[in-house]
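Participant: Residue numbers (my numbering): 3 to 903.
For every residue, glycine included, the Cβ atom is placed at its ideal position computed from N, Cα and C.
This one's a predicted model, so the numbers in the text were calculated from it and none came from an experiment.
Handing you a structure now.
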Amino acid sequence: MPDGRHTLGVASDVSGDLTLGVLTPFLGGWYFGGLLRGISRVAAVEGGTVVAVQTLDAGTNQTEVREPVDLPYPVAWQRVSGFLVIINAVRPSYLAAAQDSGKPVVIISHELPDLDCPVIAPDNGTGIHEAVGHLVGHGHRRIAFAGYLGAKDIRQRYEAYRDALRAHDIEPDPGLLFPIEDNQMSSGEAAAQVLVGAGMPATAVITGTDANAIGLMQGMRAAGYRVPEDLAVIGFDDVRGAQYSLPRLTTVNHPVDTIGRTAADLLVRRIRGEPVPNGTRHVHTSLVVRESCGCRRNDVTEPPALQPLTRLEAEGRAHFRERTHLQGILSKQYVVSMDLLRAHEEDPRRLGWLGRTSARAGCLGLWADRVRPDPALDVVGFYQRDKPGATASLMIPVSEFPPADLLDVARQDVDAVTFVVPVKMDGSDWGLLAVVDAVETRTGTGREPINHWAALLTVALDYQQVLATLREQEERLRFAAQYDHLTGLPNRALFLERLRAAMGDGHEFAVLFVDLDGFKVVNDSLGHAAGDALLIQVSNRISRSLRERDTAARFGGDEFLILLDGVADPYTPTQVAERLHAALAPPFRLQGQEVVVTVSIGITLGGAGSADAEDLVRDADIAMYWSKSQRKGSHALFDVAMHAKAVVRLQIETELRRAIERGELEVHYQPIVQLATGRTRAFEALIRWRHPTRGLVLPTDFLAVAEETGLVIPIGRWVIAESCRQLAAWQRTPGRGDLRISVNVSNRQFWQGGLVDDVAEALRVSGLHPRNLAFEITEGVIMNNVGLARKMLEDLHNLGCELHIDDFGTGYSSLEALHRLPIDALKIDRSFVARLGMDSKSSALVHAIVLTGGNLGLQLIAESIETEEQRDHLLRLGCAYGQGYLFSAAVPAAEAEQLIS
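Written out as structure tokens, the structure reads:
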């Protein structure tokens, strides 16, 4: 309970029926059970019922409640008319809040100075005075006291013992006080050992409780001493065991039933509005004389010789009844324990296990919301003995727990009490269990059945949760082993498993290998989150394009695999490929932008003769690369020739990696001339590969492989550095200060990141002025993402470099886009130059490009000029610069230097 008080507006009796609430650390045993039995008898007479709330956690078997229990929730506040509070059941702030809400409070055996309410307690003094006087009457003067002084009642009994000694002119001897650790038998046995070890300084002893006394007598007997001959013993409580101890225990009667009835009667009067003054009322205690004090039985109806046999027979019958009762409890507890241990077979929350007990009814409320001051319980289980299979499902605040239906069951039996116990133990807190049953007084405190049930239920629910967690983890591991975590599609392993199953079925099938064209650009330009979002959207469109029996899987990265199971004819896979192209054609919305991507698809057919699943996937992969090399956004069916070409491609990749390491790459330079004068004004740097066996290899034979594998990044970085170094060397000759060099930037190099840094480093190392360096970038690269491309182009331009649009006229750039980009020149594509003079349309297109560039203030450079007629035509159309075989092919640096005008 928090320090702040609850402020629930609760009527004193919501239902119209009297319901007495009891807040108690325990729900059974001689003391707590005896109090509850007395309380329930008053409630039955008044036509009401009792709700007893255990405030300690389930499974608690401590018998001393030395500090008030912290009960944080207003359990049953809306159900009860008032509260009886036993010992330290709750904190004072909890009771103050209950009083503030209109609930009368009566306390049993414990006074709270700051709380104004009636208190009922045993008269510890009268019984102790009688006990001391009785022992003095037997001639004892050395009377000891053994008890747990941490309990208020025991301290009161000790003070009464001292006063009684003085009343008989005996000064209390501090050496005859034997403090012990608790009120249990074990502490009594320990006290016996101390007495014997001290040389038996007393002839009689009064103990704080009967349990202490019985333990002390056992300890004395074990040490070879007799009771009462060597030590007279008197206890306090008059528990049932006192009648059967050896010898039978003389004790002070502690009338717990009367205390419970008296407290309940005061609470009922307060609920009715009758004047009941605050303060403590004591219930009389008296000495019950048996044999441990030194007295003998006075049974005149039987001859002395028969008295031991009669006593033995009576005690045997009593022990038999006790043993039979406790065996019945243990038997039921065993069955309940086994039921709850089988929580994996039957859900313990359904409370079917209560059918093996004496309970009339029960319900289980699990925490649903503990944030509010009056947290919610989800009532998930309901049991009623005369209504098998009864169910309930409702959400109620804890102040309305237990439900009204359960209290109605309790009202039907005069001896029934509704017990509420926390399903809480060892850090686990599930909620509350309510059970309608009779009060149990013959088990030990803390060992009453319902406390045991709640503890077992807590363990069972913990086990269920662990089991569910393990199953979830197992499912997650299974999913992780077979499915892609991003798209939720089957992964490579599961795909191959299903492919092998299809191969084993013996019918026709097809494997499609799908690769996104330009995914790297999206990932590098918009970021990995956008790339992931694209993959998810692509996977969804692919899945919607397939039959239920087909399998779509993510192979890895931007690659997908499709298994078409049961192909009717060889044309079906091609039709599916076309359907996929159509499904993926509409733009994808990523981070507020529309992105268009295409896919390249490779197809391979399989059937009964197919030998290896991995080979089929490899063949589809080869067909996909073939389609991509021919035209992105297309599909191709695998044939054997493709495999041979794939082997060649792999060989090229391997040798190209080795070429980079061995320095086999070269830069050749093609002059860019002023068409009117033929003077060389610049060079375009072009990569070449000096192969050790094949000689000079042109870019068309290896750049596609370099782009696909990412080798184009280190190659491009080296070309930039080498071109800057070479031009700087040429410029050391006077008169060459205006000479420029152009370097091509590939799609992957542009978007991979680090291009601007690579350029800045090359300029720094070479000492070349940025104005002498230009970069040629195709329209297609820029139009992938104009916004981000503009930022990168601006960064290059801010270094001082020029930017040229390569192959202009073949892409999809718009004038509006060109206007916004920091472009310095347009390079007219070779396809237009080649047709000059052959048709009027080509001349018109080139003329339009020249006019556009001129209007935008851009230079015009024509590519692949091979004839004088083409040069002259370009001059007439207004193009000032050009390059091509008419002037020179790309040549090594030494030859290129000879071309510098």
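1. Please name the residue or residues paired with TYR33 in a DSSP beta bridge.
2. Can the beta-carbon of ALA916 be found closer than 7 Å to that of GLY296?
3. Output yes or no for whether 7 Å exceeds the beta carbon distance between ARG822 and ASP760.
4. Suppose you measure from the CA of TYR671 to the CA of GLU804; what does that come to, to the nearest Å?
5. My parser needs the beta strand (DSSP E) runs of 3 or more residues fully inside the segment 493-563; what are they?
6. If you count every other CB in all the chains shown that lies within 10 Å of the CB of MET505, and 16 or more means buried, which is it?
7. Going by the CB atoms, is the gap between VAL745 and SER725 shorter than 7 Å?
8. Who are the near neighbours of SER845 in its chain, counting only those whose CB is closer than 8 Å to its CB and skipping five residues on each side?
9. Closest by CA to ASP184, which one among THR209, TRP628, THR26 and TYR163?
10. Please say whether VAL107 and GLN101 have beta carbons closer to each other than 7 Å?
11. First and last residue of the beta strand (DSSP E) that includes HIS487?
12. Express the C-alpha separation of SER95 and GLN386 in angstroms, rounding to a whole number.
13. Can you give the Cα-Cα distance for TYR246 and SER288, rounded to whole angstroms?
14. Does the Cβ of ALA896 have 16 or more other Cβ atoms within 10 Å, making it buried, or fewer, making it exposed?
15. Taking the alpha-carbon positions, what's the GLY199 to GLU442 distance?
16. Could you check where the beta strand (DSSP E) with THR420 kicks off and where it finishes?
17. From what residue to what residue does the beta strand (DSSP E) around SER288 run?
18. Need the endpoints of the beta strand (DSSP E) that TYR671 sits in, please.
19. Using a 10 Å radius around the Cβ and a threshold of 16 neighbouring Cβ atoms, would you call ALA708 buried or exposed?
20. Who are the near neighbours of GLY802 in its chain, counting only those whose CB is closer than 6 Å to its CB and skipping five residues on each side?
21. Does the Cβ of HIS256 have 16 or more other Cβ atoms within 10 Å, making it buried, or fewer, making it exposed?
22. Could you tell me the distance, in whole angstroms, from the CA atom of GLU113 to the CA atom of PHE384?
23. Is LEU488 near the ligand ZN, in the sense that its beta carbon is under 6 Å from a heavy atom of that ligand?
24. Kindly indicate which residue of ASP517, ALA535, ASP614 and THR656 has the alpha-carbon position closest to the one of ALA625.
25. For VAL540, which residues of its own chain have a beta-carbon under 7 Å away from its beta-carbon, when the five flanking residues on both sides are left out?
26. Quick one: give me the first and last residue of the alpha helix (DSSP H) that GLN751 is part of.
27. Report yes if the CB atom of VAL53 is closer than 7 Å to the CB atom of THR420, and no otherwise.
28. With distance defined between alpha-carbon atoms, name the residue in GLY604, LEU667 and ALA687 nearest to ALA648.
29. In three-state terms, what does DSSP make of VAL893?
30. Please report the Cβ distance between VAL44 and ASP267, rounded to the nearest whole angstrom; I am assuming they are in contact, meaning their Cβ atoms lie under 8 Å.
31. Using three-state DSSP, classify GLU686 as helix, strand or coil.
32. Buried or exposed: which applies to TYR573, given that a residue is buried once 16 or more other Cβ atoms fall within 10 Å of its Cβ?
33. Do you know how far the Cα of LEU86 is from the Cα of ALA406?
34. Do GLU778 and HIS806 have their C-beta atoms within less than 7 Å of each other?
35. How should GLU191 be labelled, buried or exposed, when 16 other C-beta atoms within 10 angstroms of its C-beta is the threshold for buried?
36. Taking all protein chains shown into account, decide if PRO4 is buried (16 or more other Cβ within 10 angstroms of its Cβ) or exposed.
Facilitator: Put simply:
1. In the sequence shown, the residue the question calls residue 33 occupies position 31. DSSP output for TYR33 lists no bridge partner at all.
2. Look at the range of the chain in this structure, 3 to 903, and you will see that residue 916 is not part of it.
3. In the sequence shown, the residue the question calls residue 822 occupies position 820. In the sequence shown, the residue the question calls residue 760 occupies position 758. By the CB criterion at 7 Å, ARG822 and ASP760 fall outside the cutoff.
4. Indexing the sequence shown from 1 puts residue 671 at position 669. Indexing the sequence shown from 1 puts residue 804 at position 802. TYR671 and GLU804: Cα-Cα distance of roughly 18 Å.
5. Contiguous beta strand (DSSP E) elements confined to the segment 493-563 occur at 511-519 and 553-558, taking only those with 3 or more residues.
6. Numbered from 1 along the sequence shown, position 503 holds the residue referred to as residue 505. So MET505 ends up on the buried side.
7. Within the sequence shown, residue 725 is the residue found at index 723, counting from 1. Within the sequence shown, residue 745 is the residue found at index 743, counting from 1. Yes, Cβ-Cβ distance for SER725 and VAL745 is below 7 Å.
8. Position 843 of the sequence shown, counted from the first residue, corresponds to residue 845. Closer than 8 Å at Cβ, skipping near neighbours: LEU838, GLY839, HIS875 and LEU879.
9. As a working note, residue 184 is residue 182 in the sequence shown. Checking every option, the nearest Cα to that of ASP184 belongs to THR209.
10. Translated into the one-based positions of the sequence shown, residue 101 becomes position 99. Translated into the one-based positions of the sequence shown, residue 107 becomes position 105. Yes, they are a contact pair.
11. For the purposes of this step, residue 487 is identified with residue 485 of the sequence shown, where counting begins at 1. Unbroken run through HIS487: none, as it is neither H nor E.
12. The count along the sequence shown starts at 1 and reaches residue 386 at position 384. The count along the sequence shown starts at 1 and reaches residue 95 at position 93. Between GLN386 and SER95, the C-alpha separation is close to 36 Å.
13. Residue mapping note: residue 246 aligns to position 244 of the sequence shown, counting from 1. Residue mapping note: residue 288 aligns to position 286 of the sequence shown, counting from 1. If I take the Cα positions, the gap works out to 19 Å.
14. As a position in the sequence shown, residue 896 is number 894, starting the count at 1. It is exposed - the Cβ of ALA896 has fewer than 16 other Cβ atoms within 10 Å.
15. Here residue 199 is taken as the residue at index 197 of the sequence shown, counted from 1. Here residue 442 is taken as the residue at index 440 of the sequence shown, counted from 1. Going from the Cα of GLY199 to the Cα of GLU442 covers about 39 Å.
16. As a position in the sequence shown, residue 420 is number 418, starting the count at 1. Looking at the DSSP string, the run of the beta strand (DSSP E) that includes THR420 is 418-427.
17. Residue 288 sits at position 286 when you count from the first residue of the sequence shown. Per DSSP, SER288 belongs to the beta strand (DSSP E) from 288-290.
18. The residue given as residue 671 occupies position 669 in the sequence shown. Taken as a continuous stretch (DSSP letters only), the beta strand (DSSP E) holding TYR671 covers 667-676.
19. Residue numbering aside, residue 708 sits at position 706 when the sequence shown is read from its first letter. ALA708 is buried by the Cβ-count criterion.
20. Taking the first residue of the sequence shown as position 1, residue 802 is located at position 800. Same-chain partners within the cutoff: PRO772 and ARG773.
21. As a first step, residue 256 is located in the sequence shown; it is residue number 254 there, counting from the start. HIS256 comes out buried.
22. As a working note, residue 113 is residue 111 in the sequence shown. As a working note, residue 384 is residue 382 in the sequence shown. Their Cα atoms are separated by approximately 38 Å.
23. Ligands are entirely absent from the displayed structure, and the ligand ZN is therefore not among its contents.
24. Locating residue 625 in the sequence shown gives position 623, where the first residue counts as 1. It is ASP517 whose Cα lies nearest to the Cα of ALA625.
25. By one-based count along the sequence shown, residue 540 stands at place 538. Around VAL540, the same chain offers LEU518 and LEU586 as residues with beta carbons nearer than 7 Å, after the five sequence neighbours per side are excluded.
26. Translated into positions along the sequence shown, residue 751 becomes position 749. Residues 749-754.
27. Your numbering for residue 53 matches position 51 in the sequence shown. Your numbering for residue 420 matches position 418 in the sequence shown. In contact: VAL53 and THR420 (Cβ atoms closer than 7 Å).
28. Taking the first residue of the sequence shown as 1, we reach residue 648 at position 646. Answer by Cα proximity: GLY604.
29. As a working note, residue 893 is residue 891 in the sequence shown. Three-state result, VAL893: strand.
30. The sequence position of residue 44 within the sequence shown is 42, counting from 1. The sequence position of residue 267 within the sequence shown is 265, counting from 1. Their Cβ separation, rounded to whole angstroms, is 6 Å, which keeps VAL44 and ASP267 in contact under 8 Å.
31. Locating residue 686 in the sequence shown gives position 684, counting from the first residue. Looking at GLU686 - three-state DSSP - the assignment turns out to be strand.
32. Looking up residue 573 in the sequence shown gives position 571. The residue in question, TYR573, is exposed, as its Cβ has fewer than 16 Cβ neighbours within 10 Å.
33. Reading the sequence shown from its first residue, position 404 is the one you call residue 406. Reading the sequence shown from its first residue, position 84 is the one you call residue 86. The straight-line gap from Cα to Cα measures roughly 20 Å.
34. In the sequence shown, counting from the first residue as 1, residue 778 sits at position 776. In the sequence shown, counting from the first residue as 1, residue 806 sits at position 804. Yes; because the gap between Cβ atoms is below 7 Å, this pair is in contact.
35. One-based indexing of the sequence shown puts residue 191 at position 189. Buried, since its Cβ has 16 or more Cβ neighbours within 10 Å.
36. Stepping through the sequence shown from its first residue, residue 4 is reached at position 2. Confidence at PRO4 is low in this model, with a pLDDT of 40, below 50, so the placement of that residue is unreliable and no value is reported for it.
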